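Peer 1: Dumping the structure here so I can ask a few things about it.
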Amino acid sequence: MTVSVSILPEQQLAVLNAAYRQAVARKRLRLLFGAVIFAAALCLAAIGAEVNLRTLFAHYGNFISYFDRILTLDTGQRVWTDVGEWLWGWRKWLKMLGETLLISYVGTLIGATFAFCLNFFAAENTSPAPWLRFVVRRLLEFARTVPGIVFALIFVIAFGLGPMAGVLAIAIHSTGALGKLFSEIVENADMKPVEGVRSTGASWLSCMRFAILPQVTAGYASYALLRFEINVREASVMGFVGAGGIGQELVVAIRKFYYSDVSAILLTIIVTVFIIDISTGWLRGRLFGKEART
Amino acid sequence: MTGPQEFDTRELRARYPDVFDRPASARLAMPAMIVAALAILVYGLIDLDFSPSRFVAGLSQLGWISLMMIPPDPGSSLPIYLKALGETLSIALLGTTLAAVFALPVSLLAARNVVPSSILRFPIRRFLDSIRGVDTLIWALVWINVVGLGPFAGVLAIAVSDFGAFGKLFSEAIEGADQKQVEGIRASGGSALHEIRFGLLPQVLPVIAGQVLYFIESNTRSATIIGIVGAGGIGLQLAEQIRVLEWQKVSFLILMILVAVAAIDFVSGKLRFAIIGRRAVA
C-alpha cells in the first residue's frame, strides 16, 4: 500500500512558508522583547535588594553547615542518636504547640463568624444597597491586605503581650480573606430560590436564611477549614512579635544559637502542619465529598 | 383546573422515610458538632487569657492609636520609605524568579507522568512539603544567620519557601498536561529530553508563567513582613516605627503598602491576561 502525501504547488508553498516564517519571527521578537524587559527588571531588583553574590558564595558553606549544626547535639553526636536528649523540652513545646493550635482555631472561628455576617453585604446579588457593598468590600480588602503580623505588632501594644493579640490579628486577617471567598460563593449561588422566597413576602433576612444559606454552607465550611490550615502556619510565627505560640520558643532558640533546639522545634512544627493538612483534607473529603477536596 | 393540592402527610411520611425519620445519629450530628466547636472555643478563650476587661481596655487603647494615626504623615523620611518600598518590590521579584528557576527541574522529578517510579517521587514530594511547612519568616531568620541582616536574606528566604510551593504547583501542572503530544514526540523517535522540551513544556509554560506572576503579587505582601525580623524592605521601617510609637508614620507606611500591593495586583492581572488569556485566569 502506498501513502500519497499531497504537496502544494511551489508558488503557493513559498507564500505560505514566508507567512509562517514571518509569524514565527514576530513571536520570537516579542518573546525577546519581554525577556529583555524582564532581565532589566531583575538587574534593577538585584541592585535594589543589595544582592551580593560574593557574600552568598563566601557564606554559602554557612547555610549547609547551619543545618549540620542544628542536627548536632551539644555532645557532638547526631540528634537522632539520642532522641531523648534532642527533644528534651517536649513537654513545654507540646504545650506551646497546643497554644498555637488554639490561637489559630479561635482566630479562624471568630474570623469566619465575622466574614459570615459581612459577606451577604459584599456579594453583588444579595447586597441591600450599593453604597453598603462598597463600604464592606473596602473594609474586607483592608483586613486582607495588611499582613496578619502587622496587626499583631499593633495589637501587642494595645492589648499587651500574649496570645490574645495573636488571636485578634489572625481573626481580622481571616475575616478579610474569608469574607471575599464567602461572598464569591454567594455570587455563584442560584437566585431562583431567593425569588421564590421573596414572592411569599419574606424579608431580606428570611431570603438569606432560607434561600441562600442552604446552598452555601458546605462551601463556607470547606473554605473555613482551609483557612484554619493556613492559620496554623501563621500562628506558628506570631510568637516572633510576642503574640503567643511556639514562635516565641523558636525565635529564642534561633537568636541564642541553641542549635539542636531549633531543629527539634522545627520538626514539631512541620509534623503538626502535616497532621493538620492531612486531617483537614480528610475532614473536607468526608463532609463534602471528593469534589470539594481540591 | 386543580386547586392547591392537599397532601396527606402520613402518606408522604410512608413514601420518604429517610427524609422524615432520619436516624437519631444523623439528626444529632450537627448540634453535637456545633456544641463541640463552641466548647473548644470557650476553652480556648479561657486558656489564652481572654478577659472582657482586658479586651475593653485594649479596644480603648486601639481607639487612641487609631486617632493618633490621623493624618498619615511621613515626616521627613519619605525618601527612605520610598527606597524601602523599592527594596521590598525587588525582594519579591528576585525571590520569586529564583524560586521558579530552581523549582522547574525539581517539579519535573516530582511529576507522575515524567518519573513513573513512586519510590523516587515520594522523597522529593515530602522534601517539598517540609520546605512548605516552614513559614517564610522562619527561613528569613535562618538566612539572616547565614548572610547577615539585610534585604539579601529576604530574597533567599522568599526563594526557599516559594521553591517548595512552586515545586508542588508546577508538578501538578505537568501532571495535568495532555499526554498525547508527548506520545507523538516519542513515536517520531524523540528522546526523553525531547519529550519534555517539545511535548510538555509548551503546554505547561503558560500555566507556570501565570502562577509565577500570581506569586510575585502575593510575595509583595510576604516581602513587606519579612523586614520585621530584620530581612530588609519596608517591614523593617514599619516595625521600627511601631516600636517607637510614631503612629502617623505607621499609618503612612501601611497606606504605602496598600497602594503598592494594589498597583502590583493591577499590573500582574493585566500581564496574566496577556499571557494565558482571559479564560484561564478565573
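Chain order of the listed sequences is A and B. Heads up: the first sequence is residues 8 to 301, going by the numbering used here. Heads up: the second sequence is residues 2 to 283, going by the numbering used here. Ideal Cβ placement from N, Cα and C applies to all residues, glycine included. Keep in mind it's a predicted model, so treat the numbers as computed, not measured.
Mind listing the chain A neighbours of residue 152 (chain B)? Cutoff is C-beta to C-beta under 9 Å, in chain order.
Peer 2: The answer, in chain order, is 55, 56, 57 and 58.
Peer 1: Between residue 126 (chain A) and the rest of its own chain, which residues show a CB-CB distance below 7 Å, the 5 nearest in sequence each way excluded?
Peer 2: 186, 189, 190 and 193
Peer 1: Please name the residue, chosen from B:189, B:199 and B:109, that lies closest to residue 171 (chain B) on a Cα-to-Cα basis.
Peer 2: B:109
Peer 1: Where does residue 82 (chain A) sit, in a helix, a strand or coil, going by DSSP?
Peer 2: coil
Peer 1: Does the CB of residue 78 (chain B) have a neighbour CB from chain A at under 7 Å?
Peer 2: no
Peer 1: Cβ of residue 143 (chain A) less than 7 Å from any chain B Cβ?
Peer 2: Not an interface residue.
Peer 1: Only counting runs of 4 or more residues, tell me where the alpha helix (DSSP H) segments fall wholly within the stretch 226-254 of chain B, in order along the chain.
Peer 2: 235-244
Peer 1: Taking residue 62 (chain B) as the query, report the chain A residues whose CB atoms sit under 7 Å from its CB, ordered along the chain.
Peer 2: 165
Peer 1: What separation, rounded to the nearest whole angstrom, lies between the Cα atoms of residue 12 (chain B) and residue 56 (chain B)?
Peer 2: 56 Å
Peer 1: Is the Cβ-Cβ distance between residue 176 (chain B) and residue 112 (chain B) less than 7 Å?
Peer 2: yes
Peer 1: Quick check on the burial criterion: 16 or more other C-beta atoms within 10 angstroms. Buried or exposed for residue 163 (chain B)?
Peer 2: Its Cβ being crowded by 16 or more others within 10 Å, residue 163 (chain B) is buried.
Peer 1: Compute the distance between the beta-carbons of residue 150 (chain A) and residue 182 (chain A), then report whether it is under 7 Å.
Peer 2: Contact flag set, yes.
Peer 1: Check whether the Cβ atoms of residue 248 (chain A) and residue 111 (chain A) lie closer than 7 Å to each other.
Peer 2: In this structure, residue 248 (chain A) lies away from residue 111 (chain A), with their beta-carbon atoms at least 7 Å apart.
Peer 1: Confirm, please, whether the CB-CB distance from residue 253 (chain A) to residue 103 (chain A) is below 7 Å.
Peer 2: yes
Peer 1: Let me make sure I understand the geometry here. Which of B:229, B:46, B:224 and B:160 has the alpha-carbon closest to that of residue 102 (chain B)?
Peer 2: B:160
Peer 1: Can you determine whether any heavy atom of the ligand MG sits closer than 6 Å to the C-beta of residue 269 (chain A), and answer yes or no?
Peer 2: In terms of ligand content, the structure shown is empty, and the ligand MG therefore cannot be addressed.
Peer 1: Rounding to the nearest angstrom, what Cα-Cα distance links residue 274 (chain B) and residue 215 (chain B) in this structure?
Peer 2: Cα to Cα, residue 274 (chain B) sits roughly 12 Å from residue 215 (chain B).
Peer 1: Hey, is the stretch 75-86 of chain A in contact with the stretch 259-270 of chain A, meaning 3+ C-beta pairs nearer than 8 Å?
Peer 2: yes
Peer 1: Does any residue of chain A bring its CB to less than 7 Å from the CB of residue 134 (chain B)?
Peer 2: yes
Peer 1: Between which two residues does the alpha helix (DSSP H) holding residue 232 (chain A) run?
Peer 2: 220-245
Peer 1: Alpha carbon to alpha carbon, what distance is there between residue 231 (chain A) and residue 119 (chain A)?
Peer 2: Residue 119 (chain A) and residue 231 (chain A) have their C-alpha atoms some 7 Å from each other.
Peer 1: What distance in whole Å lies between the Cβ atoms of residue 85 (chain B) and residue 237 (chain B), which are believed to be in contact at a cut-off of 8 Å?
Peer 2: 7 Å
Peer 1: Measure the beta-carbon distance from residue 75 (chain B) to residue 253 (chain B) and round it to whole angstroms, keeping in mind my assumption that it falls under 8 Å.
Peer 2: 5 Å
Peer 1: Report yes if the CB atom of residue 128 (chain A) is closer than 7 Å to the CB atom of residue 139 (chain A), and no otherwise.
Peer 2: yes
Peer 1: Could you run through the stretch 87-112 of chain B and flag, in chain order, every residue whose CB is less than 8 Å away from some CB of chain A?
Peer 2: 87, 88, 90, 91, 92, 94, 95 and 98
Peer 1: Tell me the rounded alpha-carbon separation between residue 290 (chain A) and residue 224 (chain A).
Peer 2: 15 Å
Peer 1: Decide if the stretch 48-55 of chain A is in contact with the stretch 81-100 of chain B; the criterion is three or more beta carbon pairs, one per stretch, under 8 Å apart.
Peer 2: Yes, since at least three Cβ pairs between the stretch 48-55 of chain A and the stretch 81-100 of chain B fall closer than 8 Å, the two stretches touch.
Peer 1: Determine the chain B residues that contact residue 244 (chain A) at a beta-carbon separation under 7 Å, and present them in chain order.
Peer 2: 136, 138 and 139
Peer 1: Reducing DSSP to helix, strand and coil, say where residue 114 (chain A) ends up.
Peer 2: In this structure, residue 114 (chain A) counts as helix in the three-state DSSP scheme.
Peer 1: How many angstroms separate the CA atom of residue 283 (chain B) from the CA atom of residue 208 (chain B)?
Peer 2: Any reading at residue 283 (chain B) must be qualified, since the residue scores a pLDDT of 38, below 50, and its modelled position is unreliable; the value itself is stated next. Cα to Cα, residue 283 (chain B) sits roughly 12 Å from residue 208 (chain B).
Peer 1: Taking 7 Å as the threshold (beta carbon to beta carbon), is residue 300 (chain A) in contact with chain B?
Peer 2: With a pLDDT of only 40 at residue 300 (chain A), under the threshold of 50, the placement of this residue in the model should not be trusted; the figure read from the coordinates follows. No, its Cβ sits nowhere closer than 7 Å to a Cβ of chain B.
Peer 1: Give me the chain B residues within the contact set of residue 176 (chain A), using Cβ-Cβ distance strictly less than 9 Å, ordered along the chain.
Peer 2: Those do not exist, as residue 176 (chain A) stays about 12 Å from chain B at its closest Cβ, beyond 9 Å.
Peer 1: Using a beta-carbon distance below 7 Å, is residue 272 (chain B) in contact with chain A?
Peer 2: In terms of beta-carbon proximity, residue 272 (chain B) stays away from the interface with chain A, with every pair separated by 7 Å or more.
Peer 1: Could you pull out every unbroken alpha helix (DSSP H) segment of at least 4 residues lying fully inside the stretch 147-171 of chain A, listed in chain order?
Peer 2: 155-166
Peer 1: Where residue 22 (chain B) and residue 14 (chain B) are concerned, what is the direct C-alpha to C-alpha distance, given to the nearest angstrom?
Peer 2: About 8 Å.
Peer 1: Using beta carbons (cut-off 7 Å, strictly below), is residue 195 (chain A) in contact with chain B?
Peer 2: Cβ-Cβ to chain B under 7 Å: no for residue 195 (chain A).
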